[in-house]
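Reading through the structure tokens given below for one structure.
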């Protein structure tokens, strides 16, 4: 009887395992995104150049979805990076996340993505 009960519960355990992996992946995505915003703020504080700050954030986060290029798979994409303020500034980066591990549960790709705004504040080092 125990073998039959285990076999009946096995799909439930597999789904729980994938949900656990997705939560860990989301945590890592948020960590990397916040790091990208902080690095963009550092670059902007030193150089004052918005394009260099965008390039730094895009290099860390990535700019493509997994389906666009098989050799460069990414579970997140930077959609925009804006900087407001002069001496004291705020960097706002919008990132779209893709729930790639939940693909077997949800087959609608629009429901598999969500967008989050990350912020970092800084002060310009150049006069």
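Residue numbers (my numbering): 5 to 131.
Each residue gets a CB set at the ideal place from its N, CA and C atoms; glycine is no exception.
Model, not experiment: these values are computed from the prediction.
| query | result |
| --- | --- |
| Give the single residue among 86, 8, 35 whose Cα lies nearest to the Cα of residue 94. | 86 |
| Just list the residues that DSSP pairs residue 121 with in beta bridges. | 98 |
| Over the uninterrupted alpha helix (DSSP H) stretch that includes residue 14, give me the two end residues. | 6-51 |
| Quick one: residues in its chain with C-beta nearer than 6 Å to the C-beta of residue 120, no 5 flanking neighbours on either side, listed in chain order? | 99 |
| Measuring CB to CB, does residue 33 end up less than 8 Å from residue 79? | yes |
| To the nearest angstrom, how far is the alpha carbon of residue 66 from that of residue 130? | 28 Å |
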